[in-house]
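First comes the structure, then the notes that go with it.
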Amino acid sequence: MSKQRALRLSKQAKKLGKAGKLNKAIACYRQAIELDADAYKYYYQLGNLLLEYGLLVQAKLYFEQAIKLDCHNSWAYYSLGKILVKQGKIQAAIDAYKKAIALKPDFSYSHYELGQIFSSQNKLDKAIDCYKKALQLNPDYSWAHYFLAKILAKKEQIDLAISHYSQAAQLNPDFYNSHYELGRNLHRKLQYQAAIDCYLKVIELKSQHFCSYYYLGIAFAATQRYLQAIDYYEQAIELNPQYLSTYFRLGQILLIQGQQAIADYRASLKTKSQLWQIYFELGLGQAWEQQGNFDTALDCYINAVKIDPKQELPYKILQYIKITPQKITEILLFYQKLTENDPSLDLAWGNLGDVFTQLGQLDKAIRCYRNSCYHNTINSNIELTQSNWTTKKQKAPDFIIIGSAKCGTSSLFAYLQKHPQVLLPHKKEINFFDEHFDKGLDWYLSHFPSITDSEKLTTGEASTQYIFTPEVEHRIYNAFSDIRIIIMLRNPISRTISDYYHHVNRGLETRTLQKIISQTKEHLNNYKKQELEYIIKGSDYILKSIYLWQIRRWKNFFPSNNILILNSDYFFADTASVMEKVWHFLQLDCYSAGSYIKYNVGIYESCTDEIKQELEKIFNPYNRKLEEYLEMKFHW
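Going by the working numbering, the sequence shown runs without a break in its numbering and finishes at 637.
Written out as structure tokens, the structure reads:
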């Protein structure tokens, strides 16, 4: 009788749980347990109810009790695994899922959940095995198709990724991400019309999906349907008006259409926002730069500053453009007028200092840099106006981010700038120890706020060519032997491609990537390592991605506790945790910036699988040696 009553109570508890009457449902389950203490299923069912309501600690206790009563039942192990994942007890969760699989190997969800854990740990091959097993058991498991496709795409197995994304989209047609990722991978294979169809499906499901509009513009432009491309770029701008790459792409089309098209489009922008007008000039300028027309690009950037002299981005782009002798006087007078009209324009002061540096007038440049530091600091920290500012900085900066280029250093620099104890120079890359070493330490230190000689404040810079350039490590050590060095390392294939297209987009590279690969192979076969280090100083993007040689040089000078090496993949996957390591390394209080957006994201065309495979063959032996040398795993 008691067991029958317990069964009735469990059925009642299920109905109460579905009706949202949690406390009454719990009471019924507990009564059922009292009547039939050996019935593991009531512990298990109560555990599931508590899990459904997010009561993890209590749910875990009931699953563990269910396992004690019946250690051969897979369901409790499976549910326990879900709780352990939520609690961050990953190894225990892996053990629970493996036990569930051992007891019931034909349950696809256990394999899938184990795959999710391995994927989060970047153990991609193990994750693939789990997803494939889940799909063997349940070929219609859309989520297993989707996440398997994500890993396959990451491993550059694009054709297989397309196949699984396609199945995920067919099985779960309302999940827009499957259509989007399918479109992106078709796009990478240059199957433009198929990609367009996918992007349009995404917009049908999610009308505000910025990336789909953006890539529709690219796909239509690639097939020379320029009016459609412009239309989608404009819709993308409406959704995300501060994504500069969209304006750059728009500028590329207008350059193809000619000067009249540019003039007409400028005239049409009078009805648009000021921000749109500024970013259009910046994007158009970048398009001119890509063609090597630096003077016209400079005119566009000056136009952007004129629209709103307080906008920071135009100044930052101007810091890295090539200023020809024909334009040097014009830009000098422009910055001088800006600072006369508004002395608080810290970036204008800094850029004026750069112009005086180019002219060889170092005393004037130093005064400009010091003005820039002062105004930059008090503009964001008004209370420091009353502090004791010395004329010049005496102490070394606290840190230098030495590289590598295209590895996330712009994002790291931006996150550092948000910390209340960190005051940074007007520009990220000072390049003193390679390009400007002859200018002297007074010139270098003038870039940093003198107030940072206080122990309470921190400053530094990020010159990403330092890591590549022989002798720089020796120069820095001789000047500042106690300085802290930060190095960011990205998958060398991705870094190489990104760096190559960065130079192409700026009009600084005309060779094909295949040509560069051939030249690098020749260098590796014909030159000694010491000779190759000097070739790296040039534009060999591949040699710059062989990190082992570079890091060895730096570790010969600086002790390990003065060097922090960050994996860029982990940095972007879990920025908050990596930033905690950075704060600790710099001996700063932990600080959360809230959201972490990526800065200076590159834009480039897809590379063929063949090129990526060639790069992989070059890098693989060096990657393994790097992992052994640093005793770190990068999973490249």
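From the three backbone atoms N, C-alpha and C, an ideal C-beta is built for every residue, glycine too. The structure presented is a predicted model; accordingly, all values stated were derived computationally and were not measured.
Express the C-alpha separation of residue j and residue i in angstroms, rounding to a whole number.
| i | j | result |
| --- | --- | --- |
| residue 92 | residue 98 | 10 Å |
| residue 218 | residue 252 | 12 Å |
| residue 263 | residue 255 | 6 Å |
| residue 494 | residue 522 | 15 Å |
| residue 65 | residue 120 | 26 Å |
| residue 527 | residue 328 | 42 Å |
| residue 358 | residue 366 | 6 Å |
| residue 62 | residue 52 | 11 Å |
| residue 112 | residue 124 | 14 Å |
| residue 139 | residue 109 | 6 Å |
| residue 34 | residue 14 | 12 Å |
| residue 24 | residue 4 | 22 Å |
| residue 324 | residue 288 | 16 Å |
| residue 50 | residue 59 | 10 Å |
| residue 372 | residue 350 | 6 Å |
| residue 159 | residue 620 | 20 Å |
| residue 1 | residue 216 | Residue numbering for the chain in the displayed model covers 2 to 637; residue 1 lies beyond these limits and cannot be assessed. |
| residue 143 | residue 161 | 15 Å |
| residue 542 | residue 404 | 13 Å |
| residue 208 | residue 617 | 38 Å |
| residue 563 | residue 460 | 16 Å |
| residue 41 | residue 151 | 39 Å |
Between which two residues does the beta strand (DSSP E) containing residue i stretch?
| i | result |
| --- | --- |
| residue 400 | 400–404 |
| residue 567 | 564–568 |
Where do the ends of the alpha helix (DSSP H) carrying residue i lie?
| i | result |
| --- | --- |
| residue 474 | 473–480 |
| residue 333 | 326–342 |
| residue 238 | 227–240 |
| residue 397 | Counting along the chain, residue 397 falls outside any alpha helix (DSSP H), and DSSP gives it neither H nor E. |
| residue 677 | No information on residue 677 is available, as it lies outside the stretch 2 to 637 that the chain covers here. |
| residue 626 | 610–631 |
| residue 592 | Element bounds for residue 592: n/a, residue is neither H nor E. |
| residue 212 | 211–223 |
| residue 360 | Premise fails: residue 360 is in no alpha helix (DSSP H) and is neither H nor E. |
| residue 1 | Outside the shown range of the chain (2 to 637) lies residue 1, about which nothing can therefore be said. |
| residue 493 | 493–506 |
| residue 544 | Here residue 544 belongs to no alpha helix (DSSP H), and DSSP marks it neither H nor E. |
| residue 653 | Outside the modelled stretch of the chain, which goes from 2 to 637, sits residue 653, for which no answer is possible. |
| residue 31 | 23–36 |
| residue 318 | 313–319 |
| residue 98 | 91–104 |
| residue 160 | 159–172 |
| residue 636 | Counting along the chain, residue 636 falls outside any alpha helix (DSSP H), and DSSP gives it neither H nor E. |
| residue 278 | 275–291 |
With H, G and I counted as helix, E and B as strand and the rest as coil, what does DSSP make of residue i?
| i | result |
| --- | --- |
| residue 463 | strand |
| residue 125 | helix |
| residue 487 | strand |
I want to see whether chain B comes within less than 9 Å of residue i, judged by CB atoms only; does it?
| i | result |
| --- | --- |
| residue 134 | In summary, chain B is missing from the structure at hand, where a single protein chain is found. |
Please classify residue i as buried or exposed, where buried requires at least 16 other C-beta atoms within 10 Å of its C-beta.
| i | result |
| --- | --- |
| residue 551 | buried |
| residue 498 | buried |
| residue 588 | exposed |
| residue 100 | buried |
| residue 509 | exposed |
| residue 72 | exposed |
| residue 168 | buried |
| residue 638 | This structure cannot speak to residue 638, because the chain is shown only from 2 to 637. |
| residue 611 | exposed |
| residue 352 | buried |
| residue 154 | buried |
| residue 377 | buried |
| residue 591 | exposed |
| residue 210 | buried |
| residue 578 | exposed |
Compute the minimum distance between the beta carbon of residue i and the heavy atoms of the ligand FMN, and state whether it is under 8 Å.
| i | result |
| --- | --- |
| residue 325 | Summarising the ligand content, the structure contains no ligands, and the ligand FMN is consequently not present. |
Check whether the region 126–134 and the region 110–117 are in contact - that is, three or more C-beta pairs closer than 8 Å. Judged by Cβ distances under 8 Å, the region 126–134 makes contact with the region 110–117, as three or more pairs qualify.
Check whether the region 344–361 touches the region 467–479, taking contact to mean three or more Cβ pairs, one atom from each stretch, closer than 8 Å. Segments in contact, no.
With a threshold of 8 Å, are at least 3 pairs of Cβ atoms found where one atom belongs to the region 308–321 and the other to the region 376–396? Below 8 Å, too few C-beta pairs join the region 308–321 and the region 376–396 to call them touching: fewer than three.
Is there contact between the region 484–492 and the region 447–457, where contact requires at least three CB pairs shorter than 8 Å? As far as the Cβ criterion goes, the region 484–492 does not touch the region 447–457, which means the pair count is below three.
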